[in-house]
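Protein sequences, first through last, are from chains A and B.
In terms of the UniProt record's numbering, the first sequence opens at residue 1 and continues consecutively.
In terms of the UniProt record's numbering, the second sequence opens at residue 1 and continues consecutively.
2 protein chains.
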Amino acid sequence: MTDPIAEACPIVEVLDHVAGKWSIGIIVAAADGPVRFTELERQVEGISRRMLTLNLRKLERDGLLIRTVYPTVPPRVEYSLTDMARELYTSLTGLLGWAERHRGSIAQARAAYDAGKTPAAV
Amino acid sequence: MTDPIAEACPIVEVLDHVAGKWSIGIIVAAADGPVRFTELERQVEGISRRMLTLNLRKLERDGLLIRTVYPTVPPRVEYSLTDMARELYTSLTGLLGWAERHRGSIAQARAAYDAGKTPAAV
DNA sequence: CGGTATCCTAAGAGATACTG
DNA sequence: CAGTATCTCTTAGGATACCG
Numbered sequence: 001m002t003d004p005i006a007e008a009c010p011i012v013e014v015l016d017h018v019a020g021k022w023s024i025g026i027i028v029a030a031a032d033g034p035v036r037f038t039e040l041e042r043q044v045e046g047i048s049r050r051m052l053t054l055n056l057r058k059l060e061r062d063g064l065l066i067r068t069v070y071p072t073v074p075p076r077v078e079y080s081l082t083d084m085a086r087e088l089y090t091s092l093t094g095l096l097g098w099a100e101r102h103r104g105s106i107a108q109a110r111a112a113y114d115a116g117k118t119p120a121a122v
Numbered sequence: 001m002t003d004p005i006a007e008a009c010p011i012v013e014v015l016d017h018v019a020g021k022w023s024i025g026i027i028v029a030a031a032d033g034p035v036r037f038t039e040l041e042r043q044v045e046g047i048s049r050r051m052l053t054l055n056l057r058k059l060e061r062d063g064l065l066i067r068t069v070y071p072t073v074p075p076r077v078e079y080s081l082t083d084m085a086r087e088l089y090t091s092l093t094g095l096l097g098w099a100e101r102h103r104g105s106i107a108q109a110r111a112a113y114d115a116g117k118t119p120a121a122v
């Protein structure tokens, strides 16, 4: 089975974890150095505390994030990317770049598509 | 705002459409030529008819797929990638490659993570 | 500060019968 | 063949109060 489609299927599981709405934001936010929980909460805009925690755990479990706890008086927890995640970040930026370049076209395509459907409410 | 995080946020919307569990499979399946509905139903394994339709519409709306209907006696509908989508496919293969290279490590990381948590049920 | 725990709503997703 | 319509169940996700 060198068939790319057959290969893709289980991989999509992996991608599902990695390319999730929030995962990408978290990875990007952690890309340039260790980040603390509250920093993430601020930087990954729109995320709720719950979702942040869940995604953080998921990424940690998948071996993409390292969670370091400093047992100081005000607790300090830092998240940093593993090498694997850094490599992913590279691929991600490709995707990010694509999205950036084409989001205008996508918005236009949507508008055009909708224009051809909705007003047909004869 | 050259801040990559701030930039990433609206883009994630785009990615959300494009990097969805099924979208990737569909794009990959359509990458090497026009594909028919039933072909997709078979190739994107595990997808339900409903989800296939919904995702197909979504991708068409975003200007990533072109839907061509041949008004023949048995209806024939073909889906093919737009140039934009082909470009995306390139970025996607990068991600796919990453996932392929690391899924073993990810599985291991998961096992290790779980091993350190679950048996602690003292 | 860095989370859990809890509650609730909306969206995602499967199955499948029906239709032009 | 290529969908649509429906029904149902499971998650994703938001809000927020509380705790070590």
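Glycine included, every Cβ here is placed at the ideal spot set by N, Cα and C.
The beta-carbon distance between residue 76 (chain A) and residue 50 (chain A), rounded to whole angstroms, is 21 Å. This is too long to meet the 8 Å contact definition. Three or more pairs of CB atoms, one per stretch, sit closer than 8 Å, so the region 19-31 of chain B contacts the region 39-55 of chain B. Residue 79 (chain A) sits buried, since 16 or more C-beta atoms from the chains shown fall within 10 Å of its C-beta. With the criterion set as a beta carbon lying under 9 Å from some beta carbon of chain B, the members of the region 59-87 of chain A are 60, 61, 62, 63, 64, 82, 84, 87, in sequence order.
With a 10 Å radius around the Cβ and a threshold of 16 neighbouring Cβ atoms, residue 46 (chain A) comes out exposed. Residue 89 (chain A) and residue 56 (chain A) have their C-alpha atoms spaced approximately 16 Å apart.
For residue 105 (chain A), the nearest beta carbon of chain B is closer than 9 Å to its own beta carbon.
Residue environment analysis places residue 43 (chain B) among the buried positions, since at least 16 neighbouring C-beta atoms fall within 10 angstroms of its C-beta.
Each of A:110, A:70, A:84 was checked against the Cα of residue 59 (chain A), and the nearest Cα belongs to A:84.
Residue state for residue 47 (chain A) is assigned as coil, using DSSP reduced to three classes. Shown here, residue 68 (chain B) sits in a strand according to DSSP, grouped into three states.
By the rule that beta-carbons nearer than 9 Å mark a contact, residue 100 (chain A) touches chain B.
Residues of chain A whose Cβ lies closer than 8 Å to the Cβ of residue 91 (chain B) are, in chain order, 91, 94, 95, 97, 98. In this structure, A:62 is the residue among A:110, A:62, A:104 with its C-alpha nearest to the C-alpha of residue 115 (chain B). From the listed residues B:70, B:82, B:72, the smallest Cα separation to residue 26 (chain B) is found for B:82. Assignment of beta-bridge partners to residue 91 (chain A) by DSSP yields no partner. At a cut-off of 9 Å between beta carbons, residue 115 (chain B) makes no contact with chain A. Here residue 11 (chain A) is not near residue 39 (chain B), since their CB atoms are 9 Å or more apart.
Residue 16 (chain B) and residue 105 (chain A) have their alpha carbons spaced roughly 16 Å apart. Using a Cβ-Cβ cut-off of 9 Å, residue 110 (chain A) counts as an interface residue toward chain B, since at least one Cβ of chain B sits closer than that to its own. With contacts defined by Cβ atoms closer than 9 Å, residue 95 (chain B) and residue 95 (chain A) form a contacting pair.
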